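When the letters of the sequence shown are read in order and numbered with my numbering, they come out as residues 51 to 466.
Positions of the beta carbon are idealized from the N, C-alpha and C atoms, including for glycine.
Model, not experiment: these values are computed from the prediction.
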Amino acid sequence: MSERISEKLAILSDAAKYDVSCASSGSDRKNENKGLGNASSGICHAYTEDGRCVSLLKILLTNFCIYDCAYCISRKSNDIQRVAFTVQEVVDLTINFYRRNYIEGLFLSSGIFKNADYTMERLVLAAKKLRTEHRFNGYIHLKTIPGASDELMQQAALYADRLSVNVEMPTKESLQLLAPDKKRDDMLKPMRYIDQALIQNAEEQKQHKKAPVLAPAGQSTQMVIGATPETDFQILYMAHFFYRKMHLKRVYYSGYVPVSNDSRLPAVGTPVPFIRENRLYQADWLMRFYHFQVDEIVSPHEPLLDAQTDPKLSWALRNLHLFPVDINTADYMLIMRVPGIGIQSAQKICEARKFSRLGMHHLQKIGVSVNRARYFITTSDHHLLKDYQPMQLREMILQESRSKYRPDFSPQLKLF
């Protein structure tokens, strides 16, 4: 690798670390006719120093940009070194890194130079060359450019496993404040187009088995949180909209990293606490897999997620009238909502209790986190000794969490 390419790679991979939407699940592209690579659900990732999960080859095509978004490191007013890969350089890097077993796929984003279509054409061309000239079957995630034409979106879906359009800010008002040159409609339009194209493609697949598959891993988006004053309630409702109306696979939450002294932004040196990202992802998981509604997790009266307790536990503490749950008789949906019991554990409980009544030792074997679940359940050999108030129970659980690694710690709740 030449010194110039190494320099570009260092700059453009570092600039790409702020884009967190790089998961690769959902694709199953097969290697046929002795091609190169094979996409699967286990694409390798690396972790940056601040805990962000990134693809092993995650780069920008360029950090030149015509926009001046206050929250972006690549904004045109920022005094940084500007570089750009050629399409062929991206292709060569991907192939050479793959052959050396450094990567399993490509995550390619870009700043915007000239206009949306000009940039998008180059992103698509890189993916096309990999697929057609090198028969590369590894995972490709393209960040599509807001405002690009429908024709380019269609081509991108043909060659990429996943597409994503960053909405960037949780609300239109915040986008207008921090990125006045951008329009929310330019972001939503390609998302709607991709959604409809994927629905139509699924119907074509049913009728014609050899019909080309478009973006088998679907589409995703990303929101910057903490740069503007939106509450978790507003953020999760926006995510709910994308899941229900656009059928997105994932919404990613990127805590704002201070990169500017702009008066519209939080002060440099005060990044968003990482725990806020974590709580949003936990709440997002509850919505996608546990059938929670947004207003069960947060509300206009309590619009922020609790930093000390996870959203599932917070919900349980607010709804103690539903507990304790009898593991041997309760409905699956309610068992699944017990803190300390996951989806697979709830399924195993419902299967196992068909054969015998379950006790705490059965739940331990199943994999239930009994230290937490025991406050919310009854079994054949365990009953709560008293009714706890929400705040009292919360403090007991928090204290137990803080003390569980102490050798002299013993549980406060007796079982019988």
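Near Ile-93, what residues of its chain come up, given a Cβ to Cβ distance below 6 angstroms and the 5 sequence neighbours on each side ignored?
As a position in the sequence shown, residue 93 is number 43, starting the count at 1. Legend: pLDDT at Ile-93 = 41, less than 50; position of this residue unreliable, value from coordinates given subsequently. These residues qualify, in order along the chain: Ser-74, Glu-154, Gly-155, Tyr-189.
Just to confirm the assignment, what range does the alpha helix (DSSP H) spanning Lys-67 have?
Working through the sequence shown from its first residue, we reach residue 67 at position 17. Neither: Lys-67 is in no alpha helix (DSSP H) and is coded neither H nor E.
Does Ile-130 pass the burial test, meaning 16 or more other C-beta atoms within 10 Å, or should it be called exposed?
As a first step, residue 130 must be located in the sequence shown, where it is residue number 80. Exposed, by the Cβ-count rule.
CB-CB under 7 angstroms to Ile-391, same chain, minus the five flanking residues each way: which ones, in chain order?
As a working mapping, residue 391 is identified with position 341 in the sequence shown. So the list reads Ile-385, Val-418, Ala-423, once near-sequence residues are dropped.
Mapping DSSP to helix, strand and coil, what is Ile-116?
Residue 116 sits at position 66 when you count from the first residue of the sequence shown. Coil, per DSSP.
How about Val-133 and Asn-113: do their beta carbons lie closer than 8 angstroms?
In the sequence shown, the residue the question calls residue 133 occupies position 83. In the sequence shown, the residue the question calls residue 113 occupies position 63. For Val-133 and Asn-113, yes; Cβs fall inside 8 angstroms.
DSSP three-state call for Leu-156: helix, strand or coil?
Counting from one through the sequence shown, the residue named residue 156 turns up at place 106. Residue state, collapsed to three classes: strand.
Candidates Asp-376, Val-274, Met-383: which alpha carbon is nearest Glu-327's?
In the sequence shown, residue 327 corresponds to position 277, counting from 1. The shortest C-alpha separation from Glu-327 is found at Val-274.
Could you tell me the alpha carbon to alpha carbon distance between Gln-204 and Thr-169, rounded to whole angstroms?
Position 154 of the sequence shown, counted from the first residue, corresponds to residue 204. Position 119 of the sequence shown, counted from the first residue, corresponds to residue 169. Here the C-alpha atom of Gln-204 lies approximately 15 angstroms from the C-alpha atom of Thr-169.
My guess is that Phe-426 and Val-375 are in contact by the Cβ rule of under 8 angstroms, so how many angstroms apart are they, rounded?
Walking along the sequence shown from the start, residue 426 turns up at place 376. Walking along the sequence shown from the start, residue 375 turns up at place 325. The pair is a contact, with the Cβ atoms about 6 angstroms apart (cut-off 8 angstroms).
CB of Ile-416 within 8 angstroms of CB of Lys-398, strictly:
For the purposes of this step, residue 416 is identified with residue 366 of the sequence shown, where counting begins at 1. For the purposes of this step, residue 398 is identified with residue 348 of the sequence shown, where counting begins at 1. Cβ distance < 8 angstroms, so Ile-416 and Lys-398 count as in contact.
Answer with buried or exposed for Thr-144, where buried requires no fewer than 16 other C-beta atoms within 10 angstroms of its C-beta.
Start at 1 with the first residue of the sequence shown, and residue 144 comes out as number 94. By the Cβ-count criterion, Thr-144 is buried, with 16 or more other Cβ atoms from all chains shown falling within 10 Å of its own Cβ.
With distances taken from CA atoms, which of Gln-226, Leu-228, Asn-216, Gln-257 is nearest Lys-239?
In the sequence shown, residue 239 corresponds to position 189, counting from 1. For Lys-239, the closest C-alpha among the options Gln-226, Leu-228, Asn-216, Gln-257 is that of Asn-216.
What are the start and end residues of each continuous alpha helix (DSSP H) run of 4 or more residues lying completely inside the segment 258-343, in chain order?
Those alpha helix (DSSP H) runs which fall completely within the segment 258-343 and span 4+ residues are 282-295, 324-339.
Measure the C-alpha to C-alpha separation of Leu-298 and Ser-430 and round it to an integer number of angstroms.
By one-based count along the sequence shown, residue 298 stands at place 248. By one-based count along the sequence shown, residue 430 stands at place 380. Using only the alpha carbons, I get a separation of about 42 angstroms.
Roughly how many whole angstroms lie between the Cα atoms of Ala-40 and Gln-226?
Since the first residue of the chain shown is 51 and the last is 466, residue 40 is not available in this structure.
Thinking Phe-135 and Leu-107 are a contact (beta carbons under 8 angstroms), I'd like their distance in whole angstroms, please.
Here residue 135 refers to the residue found at position 85 when the sequence shown is read from its first residue. Here residue 107 refers to the residue found at position 57 when the sequence shown is read from its first residue. Cβ-Cβ separation between Phe-135 and Leu-107: approximately 12 angstroms, too far for a contact (criterion under 8 angstroms).
At what residues does the alpha helix (DSSP H) containing Arg-185 begin and finish?
To locate residue 185, count along the sequence shown from 1; it is residue 135. In the DSSP assignment, Arg-185 falls outside any alpha helix (DSSP H), carrying neither H nor E.
Look at the alpha carbon of Ala-65 and the alpha carbon of Ile-109, and state the distance between them as a whole number of angstroms.
Position 15 of the sequence shown, counted from the start, is the residue given in the question as residue 65. Position 59 of the sequence shown, counted from the start, is the residue given in the question as residue 109. CA-CA distance, Ala-65 to Ile-109, rounds to 8 angstroms.
Please name the residue, chosen from Asn-378, Glu-201, Ala-366, that lies closest to Arg-387 on a Cα-to-Cα basis.
Position 337 of the sequence shown, counted from the start, is the residue given in the question as residue 387. Checking every option, the nearest Cα to that of Arg-387 belongs to Ala-366.
Sequence-distant residues of its chain with Cβ nearer than 8 angstroms to Ile-377 (five each side left out)
Position 327 of the sequence shown, counted from the first residue, corresponds to residue 377. These residues qualify, in order along the chain: Ile-385, Ile-399, Arg-403, Leu-408, Leu-413, Ile-427, Thr-428, Thr-429.
For Arg-234, which three-state DSSP category applies?
For the purposes of this step, residue 234 is taken as the residue at position 184 of the sequence shown. The three-state reading of DSSP puts Arg-234 in helix, counting H, G and I together.
Pick from Pro-220, Tyr-117, Trp-335: whose alpha carbon is nearest that of Thr-281?
Mapped onto the sequence shown, residue 281 falls at position 231. In terms of CA proximity to Thr-281, Pro-220 leads the group Pro-220, Tyr-117, Trp-335.
For Met-241, I'd like the list of residues in its chain whose CB is within less than 6 angstroms of its CB, leaving aside the five on either flank, ordered along the chain.
Here residue 241 refers to the residue found at position 191 of the sequence shown. In the same chain as Met-241, and ignoring 5 residues on each side of it, the C-beta atoms closer than 6 angstroms to its own belong to Val-215, Met-296, in chain order.
For Ala-166, which of helix, strand or coil comes out of DSSP?
What you label residue 166 is simply residue 116 of the sequence shown in a count that begins at 1. In the three-state reduction of the DSSP assignment, Ala-166 falls in the helix class.
What first and last residue would you give for the alpha helix (DSSP H) that runs through Ile-399?
Translated into the one-based positions of the sequence shown, residue 399 becomes position 349. 393-402 is the span of the alpha helix (DSSP H), which, as asked, contains Ile-399.
Under 8 angstroms between the Cβ atoms of Pro-361 and Gln-343?
Here the question's residue 361 lines up with position 311 in the sequence shown. Here the question's residue 343 lines up with position 293 in the sequence shown. Not a contact, by the Cβ cut-off of 8 angstroms.
Contacts around Val-309, its chain only, beta-carbon distance under 6 angstroms, and the 5 residues preceding and following it disregarded:
As a first step, residue 309 is located in the sequence shown; it is residue number 259 there, counting from the start. Only Ile-123 meet the Cβ criterion.
In the structure shown, what three-state DSSP assignment does Glu-352 receive?
Taking the sequence shown and counting its residues from 1, the one referred to as residue 352 is at position 302. Assignment of Glu-352 by DSSP, reduced to helix, strand and coil, places it in the coil class.
Go ahead and pull the three-state DSSP assignment for Val-375.
In the sequence shown, the residue the question calls residue 375 occupies position 325. Strand, per DSSP.
Would Ala-206 and Ala-177 be called neighbours here (beta carbons separated by less than 8 angstroms)?
Counting from one through the sequence shown, the residue named residue 206 turns up at place 156. Counting from one through the sequence shown, the residue named residue 177 turns up at place 127. Yes, these two residues count as a Cβ contact at 8 angstroms.
Would the beta-carbon of Gln-255 fall within 8 angstroms of that of Ala-261?
Here the question's residue 255 lines up with position 205 in the sequence shown. Here the question's residue 261 lines up with position 211 in the sequence shown. Yes. Within cutoff.
Bridge-paired residues (DSSP) for Thr-428:
On the sequence shown, position 378 is the one that residue 428 refers to. Beta-bridge pairing links Thr-428 to Asp-376.
For the beta strand (DSSP E) containing Ile-109, list its first residue and its last residue.
Walking along the sequence shown from the start, residue 109 turns up at place 59. For Ile-109, the enclosing beta strand (DSSP E) has its first and last residue at 108-110.
Buried or exposed for Ser-320, going by 16 or more other Cβ atoms inside 10 Å?
Residue 320 sits at position 270 when you count from the first residue of the sequence shown. The sequence as given places Thr at residue 320; Ser does not occur at that position. Counting Cβ neighbours within 10 Å, Thr-320 comes out exposed, since fewer than 16 surround it.
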